[in-house]
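Peer 1: Input: one structure, supplied below.
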Amino acid sequence: MRDQGEHKYWVYIMSSLTGTLYIGITGQLGFRVLQHKAGEVEGFSRTYKCVRLVYYEAFDDVRKAVAREKQLKRWRREKKIALIEKMNPRWQDLAEHWGAELVIPGQPIPRTP
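If you're matching positions, the sequence shown starts at 283 in the numbering used here and goes up one per residue.
As structure tokens, then:
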């Protein structure tokens, strides 16, 4: 039983525009994805420009998330593609608008000088 409230852990797949895949795990999916998009994640992800979120899964238990990440990393590319396409057949960036300003109907849109 948890004393600190419920936590979520995420296993996710980022893709480059050319289809290179990066599989990761995080406790803060939105923040981590924005880091990938900004090129702040050193190593493979930055080198191959894996900046599009194409797949993710949520877990309540970090051990299950780590096990799933390891499982996906062992899979052949064809199986990873099938998994992505089951959730996201067009390989759209699922986080395309994350971090964008929220515009509320009836309020003026702020203008930049």
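We put the CB at the ideal spot given by N, CA and C, even for glycine.
Leucine 335 to leucine 376, Cα distance in whole Å?
Peer 2: Using only the alpha carbons, I get a separation of about 5 Å.
Peer 1: Please work out which residues of its chain come closer than 7 Å, Cβ to Cβ, to valine 348, disregarding the five sequence neighbours upstream and downstream, and give them in chain order.
Peer 2: Ile307
Peer 1: Within its chain, find whatever has a CB closer than 8 Å to the CB of tyrosine 338; leave out the 5 residues flanking it on each side and keep chain order.
Peer 2: For tyrosine 338, the CB contacts under 8 Å within the same chain, skipping 5 residues up- and downstream, are Trp292, Val293, Tyr294, Ile295, Leu311 and Leu376 in chain order.
Peer 1: What is the DSSP secondary structure of serine 297, counted as helix, strand or coil?
Peer 2: DSSP places serine 297 in strand when its eight states are reduced to three.
Peer 1: Which of the three DSSP states, helix, strand or coil, is assigned to glutamate 367?
Peer 2: Judged by DSSP in its simplified three-state form, glutamate 367 adopts helix.
Peer 1: If you draw a straight line from the C-alpha of alanine 364 to the C-alpha of arginine 328, how long is it?
Peer 2: Rounded to the nearest whole angstrom, the C-alpha separation of alanine 364 and arginine 328 is 24 Å.
Peer 1: Do you know how far the Cα of leucine 303 is from the Cα of tryptophan 357?
Peer 2: 12 Å
Peer 1: When we look at the beta-carbon of arginine 314 and count the other beta-carbons within 10 Å, is it buried (16 or more) or exposed?
Peer 2: buried
Peer 1: Would you decide whether valine 333 is buried or exposed? Buried here means 16 or more other CB atoms lie within 10 Å of its CB.
Peer 2: Under this definition valine 333 is a buried residue.
Peer 1: Is it right to say glutamate 351 is buried, meaning 16 or more other beta carbons lie within 10 angstroms of its own, or is it exposed?
Peer 2: buried
Peer 1: For leucine 299, is the classification buried or exposed, using 16 other Cβ atoms within 10 angstroms of its Cβ as the cut-off for buried?
Peer 2: exposed
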